[in-house]
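J.: Numbering (our numbering), first residue to last: 22 to 287.
My questions will all concern the structure given below.
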Amino acid sequence: MANIEVYRQYARKLQNLLQPQSYPVAIKLLTEEKEIPPNALRPKKDQGVHFSLCQAFAKARFRGETVAMLTEDHWCWAPLVGFGLVEFHDRHESFPIIVKYLGIADEEAAKSFLRQFPRLEYGKYLGLVVAPFIKAEFIPDLVLLYVNHAQLRDILMAVKFKTGKLIFSQFDAIDSCLYATIPVIKTGEYRITFPDPGEVERALAKADEVIFSVPAKRLEELLAGLSVFGGGKMRFAEPAAEIEPDHPRPEFYRQLFRAWHLDVEA
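What follows is the structure in structure tokens.
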């Protein structure tokens with residue numbers, strides 16, 4: 022089993038290959054208080070305050086802080102439901118309240134949607150701890166990469182190179198803290214998520230950022246692909262200034278066009 026230092030090496034490689042503008046965020050689910058790192062901030066206990074989970078992510082990725090988020094620390098409803106920290110089901114008084122504010126016109130459709138909401142088993146976990154991956158004093162369950170579109174393209178090429186498969190995700194405009202985490206924990210698959218309005222309003226997310234979620238067990242695979250396609254190897258140095266016909270092409274394009282008896286030279 023890999024130890025913390027192995028994961029630190031993974032973190033350093035990620036930093037070098039992707040050069041993200043903020044720290045990748047390591048996340049670990051907690052079953053006992055003794056799993057909380059000594060350096061972790063506990064918002065309610067230590068400061069008498071609460072944070073939304075996206076703000077804990079932001080404290081990790083921008084300020085290098087480790088934050089433990091137990092039930093009493095949350096200031097947003099979605100992680101409480103999603104991480105199984107509060108009782109929640111069709112008959113609970115909270116259910117119709119959430120149904121009303123999901124942004125779905127038809128009530129029955131909203132109820133059906135909420136029943137399929139990404140959730141972990143109620144009471145299974147005490148909470149979670151987040152930290153900048155490169156400084157994490159724990160082995161993560163998953164890592165969140167906040168990347169721009171060019172960096173995401175490198176990642177997609179890396180994953181396809183190693184797996185021969187494309188990445189499939191479902192997209193919602195809200196609740197990014199859950200869609201970037203819960204399905205990944207449950208399936209062990211990569212996932213793409215767009216930061217929601219709350220992340221922009223309260224947690225410093227930028228308009229051009231995308232969240233790429235990596236299950237911890239697949240970090241080695243991703244890094245192997247990024248060693249081939251990371252570091253901007255698939256990016257163009259300068260955007261085109263004009264729309265030029267007969268632009269330069271790789272040699273294998275010429276080979277294909279020759280095989281199809283199409284123009285090879287301009």
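Cβ coordinates follow ideal geometry from the N, Cα and C atoms, glycine included.
Among 225, 78 and 212, which residue has its Cα nearest to the Cα of residue 236?
T.: Against the sequence shown, residue 236 aligns to sequence position 215. Nearest C-alpha to residue 236: 212.
J.: Can you tell me whether DSSP reads residue 224 as helix, strand or coil?
T.: Position 203 of the sequence shown holds residue 224. DSSP places residue 224 in coil when its eight states are reduced to three.
J.: Between the C-alpha atoms of residue 41 and residue 246, what's the straight-line distance to the nearest angstrom?
T.: In the sequence shown, residue 41 corresponds to position 20, counting from 1. In the sequence shown, residue 246 corresponds to position 225, counting from 1. Taking the straight line from one Cα to the other gives about 17 Å.
J.: Does DSSP put residue 164 in a helix, in a strand, or in coil?
T.: One-based indexing of the sequence shown puts residue 164 at position 143. If DSSP states are grouped into helix, strand and coil, residue 164 belongs with the strands.
J.: Under a three-way DSSP split, which group does residue 103 fall into?
T.: Here residue 103 refers to the residue found at position 82 when the sequence shown is read from its first residue. Three-state result, residue 103: helix.
J.: What does the alpha-carbon distance come out to for the pair residue 24 and residue 271?
T.: Looking up residue 24 in the sequence shown gives position 3. Looking up residue 271 in the sequence shown gives position 250. Using only the alpha carbons, I get a separation of about 43 Å.
J.: Do residue 220 and residue 197 have their C-beta atoms closer together than 7 Å?
T.: Taking the sequence shown and counting its residues from 1, one reaches residue 220 at position 199. Taking the sequence shown and counting its residues from 1, one reaches residue 197 at position 176. The answer is yes: Cβ separation under 7 Å.
J.: Which stretch, first to last residue, makes up the alpha helix (DSSP H) that contains residue 212?
T.: Taking the sequence shown and counting its residues from 1, the one referred to as residue 212 is at position 191. Per DSSP, residue 212 belongs to no alpha helix (DSSP H); it is in the beta strand (DSSP E), 212-214.
J.: Extract the residue ranges of the alpha helix (DSSP H) inside the region 105-175, only unbroken runs of 4 or more that lie entirely within it.
T.: As far as the region 105-175 is concerned, its whole alpha helix (DSSP H) runs of at least 4 residues are 115-121 and 128-136.
J.: Less than 7 Å between the beta carbons of residue 71 and residue 96, yes or no?
T.: Here residue 71 is taken as the residue at index 50 of the sequence shown, counted from 1. Here residue 96 is taken as the residue at index 75 of the sequence shown, counted from 1. Contact flag set, yes.
J.: For residue 230, which residues in the same chain have their Cβ closer than 8 Å to its Cβ, ignoring the five residues on either side in sequence?
T.: Your numbering for residue 230 matches position 209 in the sequence shown. Around residue 230: 167, 168, 169 and 216.
J.: Checking 7 Å against the spacing of the C-beta atoms, do residue 139 and residue 204 come in under that value?
T.: Here the question's residue 139 lines up with position 118 in the sequence shown. Here the question's residue 204 lines up with position 183 in the sequence shown. Yes, they are a contact pair.
J.: Per DSSP, residue 49 forms a beta bridge with which residues?
T.: Here residue 49 refers to the residue found at position 28 when the sequence shown is read from its first residue. Answer by DSSP bridge pairing, in chain order: 150.
J.: Using DSSP's beta-bridge definition, name the partner residues of residue 291.
T.: In the structure displayed, the chain extends from 22 to 287; residue 291 sits before or after that span and is not available.
J.: Using the C-alpha atoms, what's the distance from residue 91 back to residue 64?
T.: The count along the sequence shown starts at 1 and reaches residue 64 at position 43. The count along the sequence shown starts at 1 and reaches residue 91 at position 70. When rounded, the distance between both Cα atoms is 9 Å.
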